[in-house]
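Working notes for the structure below.
Protein chains: 2
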Amino acid sequence: MNTHGSATQPDGHAVGERATGITVPQGFSAAATTAGIKPSGKPDMSLLVNNGPTFHAAAMFTRNRVVASPVKLTRKHNDGTFKAAVINAGNANACNGVQGDTDAQATADKVAEMLEINSTDVAVCSTGLIGDVLPMEKLLSGIETLVPQLSEEITAGNAAANAIMTTDIVQKEAVYRGQGWSIGAMGKGVGMMSPSLATMLVFLTTDALIENPAQLHDSLSAATATTFDCLDVDGSTSTNDTVLLMASGASGVTPDEQEFTDAIHQVCLDLAMQLQADAEGVTKRVSITVTGAATDAEAKDAARVVGRDNLFKCAMFGSDPNWGRVLAAVGMAPVDMDPEKINVSFNGKPVCVNSTGAPGARNVDLSGADIAVEINLGVGDGRATVWTTDLSYSYVEINSEYST
Amino acid sequence: MNTHGSATQPDGHAVGERATGITVPQGFSAAATTAGIKPSGKPDMSLLVNNGPTFHAAAMFTRNRVVASPVKLTRKHNDGTFKAAVINAGNANACNGVQGDTDAQATADKVAEMLEINSTDVAVCSTGLIGDVLPMEKLLSGIETLVPQLSEEITAGNAAANAIMTTDIVQKEAVYRGQGWSIGAMGKGVGMMSPSLATMLVFLTTDALIENPAQLHDSLSAATATTFDCLDVDGSTSTNDTVLLMASGASGVTPDEQEFTDAIHQVCLDLAMQLQADAEGVTKRVSITVTGAATDAEAKDAARVVGRDNLFKCAMFGSDPNWGRVLAAVGMAPVDMDPEKINVSFNGKPVCVNSTGAPGARNVDLSGADIAVEINLGVGDGRATVWTTDLSYSYVEINSEYST
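Protein sequences, first through last, are from chains A and B. Each number in the numbering used here comes from the position in the first sequence (counting from 1) with 287 added on. Each number in the numbering used here comes from the position in the second sequence (counting from 1) with 287 added on.
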């Protein structure tokens, strides 16, 4: 089920090599190290630095009311400019009170001091267990190791992608190559605004020369709305979720605005699909497309309700074409629908027409790893797709043995 | 974990025997039979008849937009009077289109004809798989068998409680004995307005002489709001959920209004706890009490968000005092809270104080079958309790192999 990070190959653009990741764009260096935060002894700290000449950035954060100290700090620093991001895995630094805030600040200060930049230009991200105080000695010593190792090599970015993993099985990277400019990305975890098991952290880099910095935010928020925002593995939302886009301008090339926006969307979608494929305990990749809703937003809400329904998710795990669970789930969505005119198909085969079973519905083959569910609510033209996974024994196993 | 139906023993009232169920109150007869709807060959039809002299009734139904044909019909008949309820298990008669509506009507008509009452005084309830057409020949023949067997014996009520079970492991009955009057009840399934795995059906009978029929509805809706409504096993809501209360007046005793309301609440709570204990795959009974909310309603909303969080539920299954998951979950509740002043305790032991871990929090023993979670949001006096269960391998197993 898990596939290694794929290089996005936009139509009409040659892809020179399979190289991928955050140091594909010019002007970025990265490093990774083992600071000793993860009990496993695996790499657990990464540093990403924008070497300019521009330092425009855009960021999106978790919608959870309970937010981790690094998110509070990075949100405060989010004024359109970031020069560096420091990430640790193995400890979320969430719910640690004033100590957590102090530790996040000390982390930013240390990076700033060593890079000779302002603390306010440093993004701090943490992922792991909630409620344990950060081992600051290890963390600060990790930063001392990271800075001299910073490199613009592709492999440095790959190593950074590896060190931010927690329960991830494979590392997640993506790339888009424009004419003389590019976008690189790395991510970890599962889901963002709505979901997430473990924290989702995503970092995008580009060497495009962006004339209007607001465009970064617009492109990023548009892209996340239809990618990470539509990935809903278990309805849970981390205290630490962060998506950060940094633009170095190092290519000297200013791409067409529409192409740039499309490219950001494409890279986000690529990473989102990698996150879905590596979700904890996943055995099925399920897409839920709702059509015929009053609005696109209502379609998304309805798809999300189905994607979060445990009975539906268990049926998917069992390859069971029990379409009644789709009806029961969507019937609870707070959106307009005609309860007598709902159509459902599994993998393109109608299983429910006008809210009634279609012939052969119980025999539709759902044994493959990919299942496409389409639901027409029968009231309008609204449309949206949400991606989710099944609910498996393995999901329960992983999540019942996390902290102890 | 599963315990057999317990007889409620209100303080100050002698309980003569362990007899329980819907035929404990005078004026009610019941019957059960095996009509051949369940593939297992177990009893699958029940009939409950109010012999009067009064026929007041109150009913509550699922909030799902997609409703089964029997619910549509019974909702139409819900004018304050029911004389009989016919129930089948093994087939939900939901999403069967016009055929489903016709079949539900034919079921009511057959019962009415044989009992020589109006069809509009018959409640029809179905539970089981969605989307299969009812085997009407078996069902109508079942009604012919049921009517001559109607009996006021306690055991007839017990048999009726047995025949409405689907994935239930134990049958669920309750009783309240007042001074010269009583309430009896039976139920099946798990959860109602918010949740349900399988359908929840609950039937309450009383021989109290109710002077003001509106009191039945008021008592029932108040009781369901703090019992079945607060039982949230998996956030799913059936298309068929129904709670029906019938009053025969046969005791000739009119209880004090407050005592009656309290007694209905007590019987509903008793059944709700039986439903929780027999939930599919349950290994832990978890109560989530939210205090310090702005209002009771917000407390209930917040408790429900935590009770539905799969990460929290998996932690409970693993007896893992991972309180960070409580914080992450409650932080997504759309209610007022002070994110820096949240307190959490497990089984009375503080694990999080002012949104920060308490000493010894990781060592709290959650190995028992009952876990009490208390969450203080730090903003007001609102308070509510929601009951849920853990998310176990067994839940996944049962629900991935339901229809096929």
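C-beta atoms are modelled at their ideal positions from N, C-alpha and C, and glycine is treated no differently. Only a predicted model underlies this, so the values are computations on that prediction, with no experimental measurement involved.
- Each residue's CA atom was taken as its position, placing alanine 410 (chain A) and alanine 550 (chain A) some 24 Å apart.
- Among the CB atoms of chain B, none fall inside 9 Å of the CB of leucine 518 (chain A).
- The C-alpha of threonine 361 (chain A) lies about 24 Å from the C-alpha of glycine 323 (chain A).
- Put simply, of A:Gln313, A:Gly387, A:Ala376 and A:Phe515 the residue whose alpha carbon is nearest the alpha carbon of proline 326 (chain A) is A:Ala376.
- Counting only Cβ-Cβ distances below 9 Å, serine 632 (chain B) has no contacts in chain A at all, with the closest Cβ about 14 Å away.
- In the structure shown, arginine 612 (chain A) falls within a helical segment according to DSSP collapsed to helix, strand and coil.
- The C-alpha of asparagine 337 (chain B) is placed about 6 Å away from the C-alpha of alanine 371 (chain B).
- Taking CB atoms only, asparagine 365 (chain A) has no neighbour in chain B less than 9 Å away.
- Sorting B:Ala443, B:Gly474 and B:Arg649 by C-alpha distance to the C-alpha of glutamate 460 (chain B) places B:Gly474 at the top.
- A straight line joining the alpha-carbon of lysine 628 (chain B) with that of serine 413 (chain A) spans about 22 Å.
- When DSSP states are grouped into helix, strand and coil, asparagine 375 (chain B) belongs to the strand group.
- In terms of CA proximity to aspartate 521 (chain A), A:Val673 leads the group A:Thr320, A:Ser316 and A:Val673.
- Counting along the chain, alanine 381 (chain B) sits inside no alpha helix (DSSP H), nor does DSSP assign it H or E at all.
- Proximity of alanine 381 (chain A) to chain B, defined by a Cβ-Cβ separation below 9 Å, is satisfied.
- Note: alanine 534 (chain B) is bridge-paired with B:His343 and B:Thr493 in the DSSP secondary-structure output.
- Runs of the alpha helix (DSSP H) lying entirely within the stretch 377-430 of chain B, each at least 4 residues long, are 384-402 in chain order.
- With its beta carbon less than 9 Å from one in chain B, methionine 624 (chain A) belongs to the interface.
- Residue pairing by DSSP places methionine 332 (chain B) opposite B:Thr320 and B:Asn375 in a beta bridge.
- Excluding sequence positions up to five before and after cysteine 555 (chain B), its CB lies within less than 7 Å of the CB of Ala510, Thr511, Thr514 and Phe515, all in the same chain and listed in chain order.
- Cβ neighbours of alanine 443 (chain B) within its own chain (closer than 8 Å, five residues either side excluded): Thr310, Ser316, Ala317, Ala318, Ala319, Gln436 and Leu437.
- DSSP, reduced to helix, strand and coil, places phenylalanine 515 (chain B) within a helical segment of the structure shown.
- Membership of phenylalanine 369 (chain B) in any alpha helix (DSSP H) is not indicated, and neither H nor E is assigned to it by DSSP.
- Shortest Cα-Cα distance from valine 573 (chain A) to any of A:Met603, A:Tyr682 and A:Ile470 involves A:Met603.
- Within the same chain, Cβ atoms closer than 7 Å to the Cβ of lysine 571 (chain B) are found at Met603, Phe604, Ala656, Ile658, Thr676 and Asp677, the five residues on either side in sequence being excluded.
- Excluding the 5 residues flanking it on each side, phenylalanine 369 (chain B) has same chain C-beta neighbours closer than 8 Å at Asn337, Phe342, Ala344, Ala346, Asp408, Val409, Ala410, Leu531 and Met533, in chain order.
- In this structure, the straight-line span from the alpha carbon of glycine 665 (chain B) to that of asparagine 641 (chain A) is close to 48 Å.
- Contact of arginine 350 (chain A) with chain B is assigned, a C-beta pair being separated by under 9 Å.
- Under the Cβ criterion of 9 Å, valine 353 (chain B) is counted among the residues facing chain A.
- Listed along chain A are Ala381, Cys382, Leu416, Ile417 and Gly418, each with a C-beta nearer than 7 Å to that of glycine 611 (chain B).
- When Cβ-Cβ separations below 9 Å define contact, tyrosine 463 (chain A) makes no contact with chain B.
- Note that the C-beta distance between tryptophan 610 (chain A) and isoleucine 685 (chain B) is not below 9 Å.
- Here valine 358 (chain B) is actually not in contact with leucine 334 (chain B); their C-beta atoms are around 18 Å apart, not less than 8 Å.
- Under the 10 Å beta carbon count, aspartate 519 (chain B) is surrounded by 16 or more other beta carbons and is classified as buried.
- By the Cβ neighbour-count rule, asparagine 650 (chain A) is exposed, with fewer than 16 other Cβ atoms within 10 Å of its own.
- Listed as beta-bridge partners of phenylalanine 315 (chain A) by DSSP are A:Asn337.
- Counted as a single uninterrupted DSSP element, the alpha helix (DSSP H) harbouring methionine 603 (chain A) occupies residues 597-604.
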